[in-house]
Each structure stands twice: as structure tokens, then as C-alpha cells.
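Start counting the sequence shown at -2; every next residue gets the next number (the numbering used here).
Presented below is the structure to which this report refers.
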Amino acid sequence: MKLKRVLLGCVVMVSVFAGGGARAALTPELQMYLRSSSGANGVGGAQECINNPGAWGNEFRLGNECATYGEFGFGAWVLKPAQDGDPFFRFFANFAVVYDNRTDWEAPSVPTGGGLRGGNVWVMREVYSEGGYYAGAPFTAWAGKRFYRWGDVHLNDYYPVAMSGPGGGIGGIKTDYGTWSLAVIQNAQANEINGSGDVRTEVGIAAKTSLHLRTEGWGTPAGWLSLWGVAATTPPAKDPATGTDYRKSTGGFFAAKLNSTIYEGVNNEFGMAYGEGVMSTMGPGGELVKDCQDTTDASCTVPGAQRLRAWNATVWETTKWSGQLAFMYDELDRGTSTGTRFRWLSAGVRPMYWFTDNVSLIFQAGVSHIVDEADGLGSRNLARFTIAPQLSLAKGYWSRPVVRAYYSRTAWNQANVGAANGTTAQGKTEIDSIGVQTEVWF
């Protein structure tokens, strides 16, 4: 009986795709994220941003965001549900834009280097349709390209689990053990934004295909538990242009996170993730696995690679204080005989004191520590301190839009002096920044 309901739901959903939705009244949907800064370095030139090489995201981001970055999402509800669990259908597209923010007129261009600096780009991040719960069917379905991620550590502009990409799946399956979903995501070996071509083989443009099973919002005495499992594979292939052989390779990934209220006004998220093989990247992409016997070859991805990651993010809201405290841990074993270990530790805090419901003063401080056997530099450390008066629409850590002025100092040890290469701080161990910034989302 349940199978009949599922099949009937699929038929109804396909009929909506075929034309039923074209006659429905549309309810527009608009989402946006935008940040834009203008600043100077300590010697009078344009602001320069420096990170600890190898760290994920943008640690202790306030005062270290040089470019203008925006996401502009729009879509429509073809059928909008009156309440959760009612039939619905929607489509959505999301474009991201990055500009250096150095002149009045900046045209799009291909970046000349990594990171947000080095070019102005306009890219599509999401485009998908989603619908479900038709004819009593207990699920939803989607297809296209979308964000598929966990754990927004805003302080570091970082998602510890990020599997976004093209694919499709079903979800919204409500049980006593959370809401379940199943998806397939496939990312081809291409990076046109950075100017490199596809890896073309006799099987075409090779890709990593991953199968995802998730449950979210599983109520426990300790809080809301979410689980995520992934199995992934890359195909055997040969590059005719270079003669390089690639082996078939697999990998697995498992993550768990617990969201809880420690006490009134204090919410916490703790998560752990483990990945191995082609999932040691903990993302949907990753290079093909070269068929190498010599594990000292730095260009080889060894099937035995393993990564362990943990994070904890706490947000608090009181009458006069708001803020976030974040800890990150990441350790990778590349599985090679040399340069195998990578370890990243990070701790940061951003307290905010509210003078009124609209005026606050932000303090931000953080330290980052990396040891990467592959670079032979030993312990590379970086610290950042920022102070920023802020005007906001309302009180609260997540309240936006905001306008800020900021002063930031970033310092690093001698082992990490290469982090400042190409800036006015090259060969030095500290840099100052001062500027203004707006941040908006809705």
C-alpha cells in the first residue's frame, strides 16, 4: 500500500513537471547574501588579506575580507504549501559574484590566482527544482545543482561538511529518527574558473560520483542529532594526451553533529567527520587517482588516505552581549611514505557588546596552528585581532544588514613568513588593516 502511494506521488510530480505547474500562480522567492569592504593596509595602500596556508575557509574573517562577494538567489513557488508536509513545488537559481572592489568600474574576468582576490567572476552556484508530498507520498524530490552542506561556522566563513554540486535525490522522509534523505552528486574533473581544462580520458570527462544518506533533527536527550554517510567512486581511465593511467578508486565518509541548547540564549553545535580514500577530501570534488606504485610521488592520491575533522561552534545571546566561539580540528594522513601528515588547529571568538539595540562594538581574536610534513616548515602559526564598531538593523549575532568600521592586526611566526608573499608584508611577520564593511543577508 505504501509502495502504491509512493508510485502515485511520482506520477503526479511528473505531471506537474509536464505542464500542470505552467498554469499555476507563481509566488516569487528572493534570497541574497552580500559583503563589501573598502580598506587600507598599514602603509597606506589597498587592504591586503593574509591567511594561514592550508587552513579551510577564512579564519577570523572580520577585518580579512578584501573582495566584494555576493550571492543572488531567485526562484518561485509554483505551489506553495499552507503548512509543513503539504504538497509543494518550487524552482531556484543562485548566482555568486566576486569583485576585487578596487575601482569604480570592474568588469568580469577570469581569476589569475587562488582565493577571492585575483579576478572578478560571475558563476552559477545553484539551479534546481524541488517538489513533493503529492497524493500522500511521504517524500520530496529534487534535481539540478544545489548547496549540500553542514555546519556554518560563520566566524571562519567555513562549512566543515560541504558536498555541493550537480545531482538529484529524494528527501523530506519524516520518521521518529529524524528526516531522511538520499542523493547522488557527481562532480566532473574540471575547473574552468581557474583556467585549467577538463581531464579528458577514454571514458570522457571523468567524475567522482557520491551517494549520500542523511538524517537530520533526530531528537535525543542531549539535543538534535544529525548523521551523514557517503560512498564515492572514481572510474579507471587513461588520459590519451599524457598517457597517464588512473585507477578505479573508492572512498567513504561519515559525519555526525549534535545541536543543543546549553541553557537559555546559548546554542551549541558539535560535529565530527571521518573520510578515507577519495572521500578524504571531505568534499564532492578531488583529483583522479593516478596509478602509482611509488608512494613518494607527491602527485599521487593514495587510496589509504584518511582524514578526521571536528568542530564546535557556540553562539550566545544575552541582554548586553552576543557572540560566537569556534574551535576547529583537522588531521590528514595522506598515506604516503613521506610528507604524510597534516594537522590544523584553530580557535576564535567574536564577542559583541550592545550599547543599544542598534549600536554595538565587536571584538574578534583567533589563533591558527598548522603542521604540514609536506612543506617541511614545522609549526606555522597565525593570529588575528580585530575591533569593529557596528550599526545594525536589530540586536543579535545573526542580525543583518550591518555597517561596520574595523581595525585588524594579523601576525604570524617566522616559519609562516611565506603566507605574506606578494604583499607589502612580505618578509615580515605582521600587517595592519583599517576599513569599512557592509554585510547583508535575507
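A virtual CB, placed ideally from N, CA and C, is assigned to each residue, including glycine.
Using a Cβ distance threshold of 7 Å, residue 34 and residue 419 do not count as a contacting pair. Taking C-beta separations shorter than 6 Å and ignoring five residues to either side along the sequence, the partners of residue 69 in its chain run 29 and 92, following chain order. Taking a C-beta distance under 7 Å as the contact criterion, residue 88 and residue 72 qualify as a contact pair.
Assignment of residue 145 by DSSP, reduced to helix, strand and coil, places it in the coil class.
The three-state secondary structure of residue 120, taken from DSSP, is strand. With respect to the 7 Å criterion, residue 321 and residue 59 are not classified as neighbours on the basis of their beta carbons. Residue 398 is bridged by DSSP to nothing; it lacks a bridge partner.
Inclusion of residue 37 and residue 44 in the CB contact set at 7 Å is warranted, their separation being smaller than that value. Going by DSSP, residue 47 is part of no beta strand (DSSP E) at all; its letter is neither H nor E. C-alpha of residue 221 to C-alpha of residue 263: approximately 15 Å in a straight line. Secondary structure at residue 414: helix, using DSSP grouped into helix, strand and coil. Here DSSP, grouped into helix, strand and coil, assigns residue 132 to helix.
A residue is called buried once 16 or more other Cβ atoms fall within 10 Å of its Cβ, and residue 391, having fewer, is exposed. If you ignore the 5 residues before and after residue 146, its C-beta comes within less than 8 Å of the C-beta of 156, 158, 159, 160 and 161, all in its own chain and listed in chain order. In the DSSP annotation of this structure, the continuous segment of the beta strand (DSSP E) that includes residue 30 starts and ends at 24 to 38. Here residue 152 carries a helix assignment [DSSP, helix/strand/coil].
Distance between residue 385 and residue 25, taken at the CA atoms: about 36 Å. With a contact defined as Cβ atoms closer than 8 Å, residue 169 and residue 181 miss out at about 17 Å.
Per DSSP, residue 59 has no beta bridge partner at all. Residue pairing by DSSP places residue 200 opposite no residue, since no beta bridge is assigned to it. If only complete runs of 3 or more residues are kept, the stretch 204 to 235 shows the beta strand (DSSP E) at 204 to 217 and 220 to 231, in order along the chain. Distance from the Cα of residue 332 is smallest, within the candidate group 436, 100, 304 and 319, for 304. For the pair of segments examined, the stretch 312 to 327 was found to touch the stretch 346 to 365: the number of CB pairs separated by less than 8 Å reaches three. Closest in alpha carbon position to residue 136, among 148, 144, 172 and 117, is 172. For residue 368, the CB contacts under 6 Å within the same chain, skipping 5 residues up- and downstream, are 340 and 376 in chain order.
In the structure shown, residue 103 adopts coil according to DSSP, grouped into three states.
If you compare the alpha carbons of 123, 370, 41 and 128 with that of residue 83, the shortest gap goes to 128. Straight through space, the alpha carbons of residue 40 and residue 301 are spaced by roughly 47 Å. Classified as buried, residue 47 has 16 or more neighbouring CB atoms from the shown chains inside 10 Å of its CB. The three-state reading of DSSP puts residue 391 in coil, since its state is none of H, G, I, E or B. Around the beta-carbon of residue 102, fewer than 16 other beta-carbon atoms lie within 10 Å, marking it exposed.
Apart from sequence neighbours up to five positions away, the residues of its chain that approach residue 175 with a beta-carbon distance below 6 Å are 212, 213, 214 and 215, ordered along the chain.
Secondary structure note for residue 185: its beta strand (DSSP E) is the uninterrupted segment 175 to 185.
Taking residue 400 as the centre and dropping the five residues before and after it, the same chain places the C-beta of 388 and 435 closer than 6 Å to its C-beta, in chain order.
In this structure, DSSP gives residue 163 an extended state, which the three-state scheme calls strand. In the structure shown, the three-state DSSP call for residue 279 is coil.
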